[in-house]
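**Student:** My questions will all concern the structure given below.
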Amino acid sequence: MSETKSQTSAAPCPDAPRHEPAYVLAFDTANEVIAIGVGVLHEEARAIELVAHAEIEARRQSNTQLIPRIDALLAENGIARGKIACVCVGRGPGSFTGVRIAMATAKGIASALEVGLIGVSSLDAVAWGVWEFGARGELAVVADAMRKEVYPVRYLVDDAGAHRLEADRVVKADLAAEELVECDMATPGASDAGAPEAGRHTPCSNSPRCAAELRAEHTARPQELSRSDVTAAANLPAQRLFLAGDALKKYRDLFAPCGEALPENTWTPTGAGLLLALQAAWRSGECDPFDAARHNPAFALPVYTRLSDAEENERARAARAAREGAVREGEAKPGVPDANLRTGVQDAEAVAHPSLVHSLAGKASAYEETSPAHHATLHEQSILVAPPDEQGVSYKPLDVSHVGCVAALESRIMGSDAWNESLVADEIPRRDRTWWAAYASEGKPGEVGTLVGYAGGWVVDGDVQILKVGTDPAWRRRGIARELLAHVAADARNLGAQTVSLEVRAGNEGAQALYQALGLTPVGTRPRYYSDREDALIMQGDLAALVGAAEPAEESSRLVAGMELQVDASHDVQATAVGAAGASRPLILAIESSCDETAAAIVDGEGALASDVVASQIDFHARFGGVVPEIASRKHIEAICGVCDECLEVAAKNLGMRSLRWRDLSAVAVTYAPGLVGALVVGVAFAKGAAWAADVPLIGVNHLEGHLYANRIGCPDFTPPAVVSLVSGGNTMLVHMKGWGDYETLGTTIDDAVGEAFDKVAKALGLGYPGGPVISRYGAKGDPCAIAFPRAMMHSGDLRFSLSGLKTAVVTYINGEREAGRELNVPDICASFEAAVVDVQVAKAKRALEMTGARTLCVGGGVAANPVLRASYEKMCSKAGVRLVLPPLSACGDNAGMIALVALNRFRQKKFFSFDFDAKAHVNLDEPY
């Protein structure tokens, strides 16, 4: 472990105020180094005086070391956390997990301190570190992006500072090296180049222009740079490129021909570099460290530069289908990959079967097969399955099978300016494009529906240019355009865009009003732009407003990051049972983020919930047929501040208080295990930051234990001993609950969990995600005895479970029926499958009660909401004379109310966590913690 620290006693700025100094805390964990900086803010000069900094090699231990290191650095310099007036965080790009650790921690600290949070580029921090080191000239920062990829950004570094020349992007390392060699060999001298025509966009290639060209362009566009920037761009002499960035550790030989590598201590962000980057943004007017309202922590988001793997694979499938179609038409050569797919896209192994593409185009039902020998796979049946909204409209990425539909709608609404089918098809494979479509359907299994709207955008130089927005006239005024734009904007943000621009007809006042309502403003005109010679009005705006375009203003307090909040569902159930919460101490805020729900709840000293809030991500995962871990992590980062803010606000109202702030809490609790590590990390890092800033204890909670406590929400008098049937998407187990905190696992699944089996069967039937509710809905109309599916391990003699064989039997049956040409009886399949699952669960729970002698059975987990399972347990327990305790439906799924109840007991026992703990994917429920 290496570490560098420094403390300066620089003279204060001439205009430094006489009152007590205000400090900024900055940190970054985008790579293997933790960088921390502390500085004094000088408001009048917009200057930051460095006080101390530290750089520590973390080696994948950032989440365990960050808060302890921050605390130590502040203590060494006699700075109280209450003196921090602003938090600055490195936004990346870098390691996704590393960036999220810093971002979530910063959000927690800033929220609890009630100060602003400002994000700066981690690569800019490296560039400013190079400036502080003393290097002057052209610089390329090349950061490691894993998967043989890098984040390359070039700068001009002179005495005035580090001047960025291009937007963030991700490319293959060998391609980046080729580009930099070309730039290093290029001959400067383009300083007399003319400025590009205002408003005209040139095509974006995969190989960006060399630094000399960029320098010339920046010189020709002084309105985009400060006066010192222009001087630097115009006068910087031509010389060999300097190199920095942590990718050099892995690819030093590859980049050796590109330029001169600077010393290794300049390759990663430094505390001083972060503060210098913040100071530059402050002086340019991009931020104000003293304006907490402007820099609400909820607004800060990481820099990703690409979509999640699942989304990229989805686009890759569409691109491959497009290329295959072109080959069939003689427009492309087999085996030649699209140029825009050679960077930043993970290869997809599966390509949609032609019969499925055929069905998705609306030419056949989802159950038809053009080849009887082809078996429907789970993956194929889930492609583009997305639940419709209350209007029967679903939103999905545009695929090649609907290109003709888009072109047909274009010709109806765009007239002579309409794109033809070839132009639309050419857009789909391009990595810098994002296209979405809206489909209206009747909600039949596997039905895609009729295309009623579409929108597309082109991401270039940090801006997304809206290329097309179209809605079927019969479906207008239903918010479809807003929703489509929100999806395009969300993708564009993940691809590095920060602004949005578009053209609209000068006479189209209705469209202009919509765009103005979304935060866009007119900035210019393109004379005679359209085919009929009508002018185009150019509009631009902040992308953040467009990402939330689908959120109605009147409901904004109940929506966060595109997710509608479920507020006080468990609180209301509990209040009915035991009365409303009071303000008795302790007051503990608990956070849950183990999977695809971001949740927060507050419990009082009597065990009454003062509030509980849940934001579900189901709509974001539905089209993939299951939870995508990377998407889950990203949504947690977006939602966690808003969920906690709502939780505090609602609790204050329920408790009759004017306000409830982080500093008013007695402790902060968080689920630390088990679950998706990337999702858990967000909750854990945020909770650490908030608890540290509020100076209150931190409590870690086992998620599985939370499900046991969920039974107390609807039944406060429930106490052990009991047998617990824990059934969820990730767990299927029977537990002997001997006492609170004293558990013995009696049996678990040896393969799939119950919830997984429901999801996979629903996927095979084309019913969408999540599978539990939809299978229950169809099963209620079917015959549970129609099909004799196996009852796996019913007579195994132990309490273990197996669901994989049952799932396979169902898929085999489905394929057999299709091959025979028989129409599937979906209700009977669902009912029979459901019965096979429930029979085994009930039989083994009964055996567990007999083995332990327990007189109480309780149930936990998302599948506990299944009506057939609940009814079957009621019947069995009634016959056996055993008490059955069921959690309320609102507390079956993941929620923070159950975590808060566990935390209250642990608070009473003083079982607190230190700030060096970490999230864990797996833990043993039986082991004390």
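First residue of the sequence shown? That's 3 in this note's numbering, and the numbers climb one at a time after it.
Note that beta-carbon positions come from the ideal geometry of N, C-alpha and C, so glycine has one too.
Remember, it's a predicted structure, so these values are computed and weren't measured experimentally.
Look up Pro-154 in the DSSP assignment and give the residues it is bridged to.
**Tutor:** Here residue 154 is taken as the residue at index 152 of the sequence shown, counted from 1. Paired residue(s): Val-144.
**Student:** Can you find at least 3 beta carbon pairs, one from the segment 88-103 and one from the segment 31-45, that sit closer than 8 angstroms?
**Tutor:** Segments in contact, yes.
**Student:** List the endpoints of the continuous alpha helix (DSSP H) containing His-638.
**Tutor:** Reading the sequence shown from its first residue, position 636 is the one you call residue 638. Element bounds for His-638: 631-657.
**Student:** So, does the segment 651-658 touch the segment 886-899, judging by three or more C-beta pairs under 8 angstroms?
**Tutor:** Output reads no: the segment 886-899 does not touch the segment 651-658.
**Student:** Using a 10 Å radius around the Cβ and a threshold of 16 neighbouring Cβ atoms, would you call Arg-435 buried or exposed?
**Tutor:** For the purposes of this step, residue 435 is identified with residue 433 of the sequence shown, where counting begins at 1. Under this definition Arg-435 is a buried residue.
**Student:** Counting pairs of Cβ atoms below 8 angstroms between the segment 818-830 and the segment 840-856, do you hit three or more?
**Tutor:** Contact between the segment 818-830 and the segment 840-856 is absent, because fewer than three Cβ pairs lie under 8 angstroms.
**Student:** Return helix, strand or coil for Lys-252, following the three-state DSSP convention.
**Tutor:** Locating residue 252 in the sequence shown gives position 250, counting from the first residue. The answer is helix: DSSP assigns Lys-252 an H, G or I state.
**Student:** For Leu-927, which of helix, strand or coil comes out of DSSP?
**Tutor:** Taking the sequence shown and counting its residues from 1, one reaches residue 927 at position 925. In this structure, Leu-927 counts as coil in the three-state DSSP scheme.
**Student:** Considering only C-alpha positions, which residue in the set Trp-130, Leu-886, Val-395 is nearest to Leu-277?
**Tutor:** Numbered from 1 along the sequence shown, position 275 holds the residue referred to as residue 277. Minimum Cα distance to Leu-277 is reached at Trp-130.
**Student:** Output the residue ranges of the beta strand (DSSP E) runs that lie fully inside the segment 488-569 and measure 3 residues or longer, sorted by chain position.
**Tutor:** The qualifying runs are 501-507, 523-528, 538-544, 565-569.
**Student:** On the three-pair Cβ rule with 8 angstroms, is the segment 585-592 touching the segment 530-538?
**Tutor:** No contact exists between the segment 585-592 and the segment 530-538.
**Student:** Quick test of your reading: Val-152 and Ala-258, contact by CB under 8 angstroms. State the CB separation rounded to the nearest angstrom.
**Tutor:** In the sequence shown, counting from the first residue as 1, residue 152 sits at position 150. In the sequence shown, counting from the first residue as 1, residue 258 sits at position 256. Their Cβ separation, rounded to whole angstroms, is 14 angstroms, which puts Val-152 and Ala-258 out of contact at 8 angstroms.
**Student:** For the beta strand (DSSP E) holding Pro-299, just list the boundary residues, first then last.
**Tutor:** Against the sequence shown, residue 299 aligns to sequence position 297. Here Pro-299 belongs to no beta strand (DSSP E), and DSSP marks it neither H nor E.
**Student:** Can you tell me whether Ser-97 is buried or exposed, with buried defined as 16 or more other CB within 10 angstroms of its CB?
**Tutor:** Here the question's residue 97 lines up with position 95 in the sequence shown. Answer is buried; the Cβ neighbour count reaches 16.
**Student:** Using 8 angstroms as the threshold, is the C-beta distance between Val-466 and Ala-499 below it?
**Tutor:** Position 464 of the sequence shown holds residue 466. Position 497 of the sequence shown holds residue 499. Going by C-beta atoms, Val-466 is nearer than 8 angstroms to Ala-499.
**Student:** Ignoring anything shorter than 4 residues or poking outside the segment 405-485, list the alpha helix (DSSP H) runs there in chain order.
**Tutor:** Runs of the alpha helix (DSSP H) inside the segment 405-485: 405-415, 423-429.
**Student:** Thinking C-alpha only, which one of Asp-401, Ser-403, Arg-48, Thr-473 is nearest Glu-412?
**Tutor:** Looking up residue 412 in the sequence shown gives position 410. Among Asp-401, Ser-403, Arg-48, Thr-473, the Cα nearest to that of Glu-412 is on Thr-473.
**Student:** Out of Ala-547, Cys-88, Ala-77, Ala-692, which has the shortest C-alpha to C-alpha gap to Ala-54?
**Tutor:** The residue given as residue 54 occupies position 52 in the sequence shown. Answer by Cα proximity: Ala-77.
**Student:** Helix, strand or coil for Cys-185, going by three-state DSSP, please let me know.
**Tutor:** By 1-based counting over the sequence shown, the position of residue 185 is 183. Correct three-state label for Cys-185: helix.
**Student:** Tell me the DSSP secondary structure of Arg-793 in three-state form.
**Tutor:** Working through the sequence shown from its first residue, we reach residue 793 at position 791. Coil.
**Student:** Please return the same chain residues whose Cβ sits closer than 7 angstroms to the Cβ of Asp-493, not counting the five positions on each side in sequence.
**Tutor:** Stepping through the sequence shown from its first residue, residue 493 is reached at position 491. Hits under 7 angstroms: Leu-309, Thr-436.
**Student:** Tell me, please, which residues DSSP counts as bridged to Ser-618.
**Tutor:** Counting from one through the sequence shown, the residue named residue 618 turns up at place 616. Ser-618 pairs with Glu-599.
**Student:** Give the secondary structure of Pro-70 by DSSP, where H, G and I count as helix, E and B as strand, and everything else as coil.
**Tutor:** Translated into the one-based positions of the sequence shown, residue 70 becomes position 68. Three-state result, Pro-70: helix.
**Student:** Contact check, Cys-649 vs Ala-602 under 8 angstroms by CB: the rounded distance?
**Tutor:** Within the sequence shown, residue 649 is the residue found at index 647, counting from 1. Within the sequence shown, residue 602 is the residue found at index 600, counting from 1. Right, their Cβ atoms sit about 4 angstroms apart.
**Student:** Rounded to whole angstroms, what is the Cα-Cα separation between Ser-892 and Gln-568?
**Tutor:** In the sequence shown, residue 892 corresponds to position 890, counting from 1. In the sequence shown, residue 568 corresponds to position 566, counting from 1. Each residue's alpha carbon lies about 9 angstroms from the other.
**Student:** Under the rule that 16 or more other beta-carbon atoms within 10 Å means buried, what is Arg-62, buried or exposed?
**Tutor:** Looking up residue 62 in the sequence shown gives position 60. It is exposed - the Cβ of Arg-62 has fewer than 16 other Cβ atoms within 10 Å.
**Student:** Starting from Leu-682 and walking both ways along the beta strand (DSSP E), at which residues does that stretch end?
**Tutor:** Numbered from 1 along the sequence shown, position 680 holds the residue referred to as residue 682. Taken as a continuous stretch (DSSP letters only), Leu-682 belongs to no beta strand (DSSP E), being part of the alpha helix (DSSP H) at 679-696.
**Student:** Any chance the segment 845-853 sits against the segment 663-681, with 3 or more Cβ pairs inside 8 angstroms?
**Tutor:** Touching, no.
**Student:** What residue from Ala-127, Gly-863, Ala-440, Ala-847 has the CA that sits closest to Arg-857's CA?
**Tutor:** Here residue 857 refers to the residue found at position 855 when the sequence shown is read from its first residue. Ranking the options by Cα distance to Arg-857, first place goes to Ala-847.
**Student:** So what does DSSP say about Asp-744, is it helix, strand or coil?
**Tutor:** Taking the first residue of the sequence shown as 1, we reach residue 744 at position 742. DSSP places Asp-744 in strand when its eight states are reduced to three.
**Student:** Examine the ligand MG and report whether any of its heavy atoms sits within less than 7 angstroms of the Cβ of Arg-308.
**Tutor:** In the structure shown, the ligand MG is absent, as is every other ligand, since no ligand is present at all.
**Student:** Going by C-alpha to C-alpha distance, which of Thr-107, Ala-759, Leu-611, Thr-527 sits closest to Asp-920?
**Tutor:** The residue given as residue 920 occupies position 918 in the sequence shown. Considering only alpha carbons, the answer is Thr-107.
**Student:** To the nearest angstrom, how far is the alpha carbon of Asp-928 from that of Val-865?
**Tutor:** Here residue 928 corresponds to residue number 926 of the sequence shown, with the count starting at 1. Here residue 865 corresponds to residue number 863 of the sequence shown, with the count starting at 1. Distance between the alpha carbons of Asp-928 and Val-865 is about 22 angstroms.
**Student:** Answer yes if the segment 679-697 comes into contact with the segment 114-124, meaning at least three C-beta pairs across the two stretches below 8 angstroms, and no otherwise.
**Tutor:** Yes, the segment 114-124 is in contact with the segment 679-697.
**Student:** Return the Cβ separation of Gly-799 and Pro-718 in integer angstroms, given the expectation that the two are a contact with Cβ distance under 8 angstroms.
**Tutor:** Your numbering for residue 799 matches position 797 in the sequence shown. Your numbering for residue 718 matches position 716 in the sequence shown. Incorrect: roughly 37 angstroms between the Cβ atoms, too far for contact.
**Student:** How should Ser-230 be labelled, buried or exposed, when 16 other C-beta atoms within 10 angstroms of its C-beta is the threshold for buried?
**Tutor:** Reading the sequence shown from its first residue, position 228 is the one you call residue 230. Reliability of the predicted coordinates at Ser-230 is poor, the pLDDT of 41 falling under 50, and the value obtained from them is presented with this limitation in mind. Ser-230 is exposed by the Cβ-count criterion.
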